[in-house]
Amino acid sequence: MIILIIERVEFKMTLENFVYESVSEILEGNNDSAETRIEKHKDIYHDDTAICFSLLALSTFIKQDFDNFYQFMNDASFLVDQTSDPITKIFHEMVLGYVNFTEKNATLYSISYNKARKLSIKNQKTEFFEKLNAMLKCPPISHFTSNHGGQAKDPLIALVKIGQAVAAEKNINLLIKTIAEETKTALNADRCTVYLYDKETDELYSKVATGLDIKELRIPADKGLAGHVLKTGETINIKDAYSDKRFNSEVDKETGYRTKNMLCMPIKNFNQEIIGVFQVLNKFDEYFTPEDEDLLVAIASNAGISLENAQLFERQRKLLEEQKVVLDSFIETLATSIDARDKITSGHSTRVKMYSILIANEFGMEQNDLYILEKAAALHDIGKIGIRDAVLQKEGKLTPEEYKHIQQHVEITHHILEKIHMSKDFQQIMEIACSHHEKFDGTGYYRHLKGEEIPFGGRILAVSDVFDAITSKRHYRDKMPIDKVINIIKDGAGSHFDPLVVEKFLAVKLSEIVKVFCTENCLKIEENDLATLEKYNLLDLYYSIVNNCSNRLLQVFNKYYVGVDLEHE
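Under this note's numbering, the residue at position 412 of the sequence shown is numbered 397, and the numbers go up by one with no gaps.
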């Protein structure tokens, strides 16, 4: 397991290189070998499934295997929405951009290109963006537009482009913008707004209005031409908007725009229920024709189903977020109930969680894995709810019988958590929480796991749990001197602890360790002290003590560890 972890850490630091190599192999025509390597990578590194699907979508698109392309792109889009990894998000947008560039779809290409570029700037990944852009040979937007003479106006091409766009897009805001942009181009109009109906407020709203610099526009559902179309289901095609009494001029007043002619049409879902309204404004070549109406009917039919699917997807996403909030609060409540049992050990679970996050960050752990680790840390001692107060709160060392009794808290933790209906992620939380007293050499409890058998998160918790225990005050002893604490951790590498986890923990900056102390003693780190502590890690502190190099670092550290400023004593 040690070897596997080392490989994973090294890989995470070169995820960009994995993408470069895969894209290069795909563009050179070695699609089959590239896909085999990508599939193998996906099976090993589950956190990278989204970026692997994007790579497979690129490969299948180039092979013109469109059935698999759409499947891979849909799967990638879904997973990309769930991740916070910037490389994954940037690459996905660049694949979309490449596809639309190849298909000569300037509008969608510009959307994806700009989104990828902004993400790269925001996350300081411009080098990745620029190198990949050079590999894919996608030009800047201005060059692309000037060399392709605008969009084709063929109605069938417009329908195909909209179909391509909505098939791979689950984000409701971007979907609305894409449909609006393509519809505007197809009908040769100045603007297009896609309104959706909000039943709760009885309003029509648009997240994006093409050409309008507003994030959301809302109008009463019984006002204006759009409201009339919503209520009646009619299609309205008028040559002079201001001569029609149904036209709501307030929007023009609000935006400073001047509406001349207009084509409005209802958007219906699969059940033929009206869920929104198309509002296309100001046809460039005089007025909207019956042919324009026919084209908009076809667009609305396709868009209606896609918009409703996106709404359902958005509601599902919000529901999952709400469930996550409930789960988080439930876990915090359980953890707090343990703190309430014993004021001396109060805050232990929180500090173990904080130390575990510090270690995980040294490994470059993915966001979802970090979330699982946090929750496992919060719940790792929940089984102490089944330990007698006389043992849990005893002042003094435990007898062998009492120690055996308190060891049962790990198994009790397992029994409590396994009764909760579990997702795959919660199953991992349970396994990690129940393994924090396992030892690397197999002499721990309660399942006597060893080495690779112990979940990686459990090996992180083991170090965090022991460190907090011996750096915290207990009923029967005070805090242990920090050099002895570090020595215990160092000496436990290979027997009690995973050596790689110990190595990463000792590399944590002292400033981060002291911040955890301050959650307990309520001290605030002075600016000069913070500057000193940020320069050194735990291992540096240890060697400065054992080699009698300087007591300045120890003095600063102990001010927040022991709570005493030795320099001014």
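In this text, a Cβ means the ideal position worked out from N, Cα and C, and glycines have one as well.
Item, Value
"Judging by CA-CA distance, which residue of Cys37, Leu160, Ile72 is the nearest neighbour of Ala626?", "This structure cannot settle anything about residue 626, because the visible part of the chain is limited to -14 through 554."
"Quick one: using the 10 Å Cβ neighbour count with 16 as the cut-off for buried, is Leu40 buried or exposed?", "buried"
"How about the segment 442 to 458 and the segment 417 to 424: do they share at least three Cβ pairs that are nearer than 8 Å?", "yes"
"With a cut-off of 8 Å, do at least 3 Cβ pairs link the segment 351 to 367 to the segment 385 to 398?", "yes"
"Note down the Cα distance separating Val179 from Tyr227, rounded to an integer number of angstroms.", "21 Å"
"Would you call the segment 28 to 43 in contact with the segment 57 to 65, where contact means no fewer than 3 C-beta pairs closer than 8 Å?", "yes"
"What's the C-alpha gap between Lys103 and Ser97?", "10 Å"
"Cutting at 6 Å between CB atoms, please list the residues of its own chain near Val337, excluding the five before and the five after it.", "Ala362, Ser449, Asp450, Asp453"
"Looking only at its own chain, which residues have a Cβ that is under 7 Å from the Cβ of Gly218, when we skip the five neighbours before and after it?", "Pro251, Ile259"
"Can the beta-carbon of Leu181 be found closer than 8 Å to that of Ala211?", "no"
"Leaving aside the five residues before and after Asp183 along the sequence, list all residues of the same chain whose C-beta is less than 7 Å from its C-beta, in chain order.", "Tyr190"
"Can you name the start and end residues of the alpha helix (DSSP H) that Cys419 belongs to?", "Premise fails: Cys419 is in no alpha helix (DSSP H) and is neither H nor E."
"Please state whether the Cβ-Cβ distance between Thr73 and Ala35 is less than 8 Å.", "yes"
"Do Leu524 and Val541 have their C-beta atoms closer together than 8 Å?", "no"
"Within the continuous beta strand (DSSP E) that includes Val179, where are the two ends?", "174 to 183"
"Taking just the CA atoms, how far does Asp207 sit from Asp277?", "25 Å"
"Could you have a look at Phe482 and say whether DSSP puts it in helix, strand or coil?", "strand"
"Please list the segments of the alpha helix (DSSP H) lying wholly inside the segment 465 to 526, counting only runs of 4 or more residues, in order along the chain.", "467 to 476, 484 to 491, 495 to 506, 512 to 518"
"Is it buried or exposed for His128, if we count other Cβ within 10 angstroms and need 16 for buried?", "Low local confidence applies: a pLDDT of 43 at His128 is under 50, so the model's placement there is unreliable, with the coordinate-based value given in what follows. Under this definition His128 is an exposed residue."
"Report the CB separation of Ile510 from Val499 in whole angstroms; it is logged as a contact under 8 Å.", "6 Å"
"Determine the closest residue to Gly349 out of Asp70, Ser18, Glu505, with distance taken between C-alpha atoms.", "Asp70"
"In angstroms, rounded to a whole number, what distance separates the CA positions of Leu538 and Leu526?", "7 Å"
"Could you check the C-alpha separation between Leu117 and Thr111 for me, to the nearest Å?", "10 Å"
"The alpha helix (DSSP H) that contains Gln301, what's its start and end?", "275 to 324"
"Identify the residues that DSSP records as bridge partners of Lys253: which are they?", "Ile259"
"Classify Glu235: buried if its beta carbon has 16 or more other beta carbons within 10 angstroms, exposed otherwise.", "exposed"
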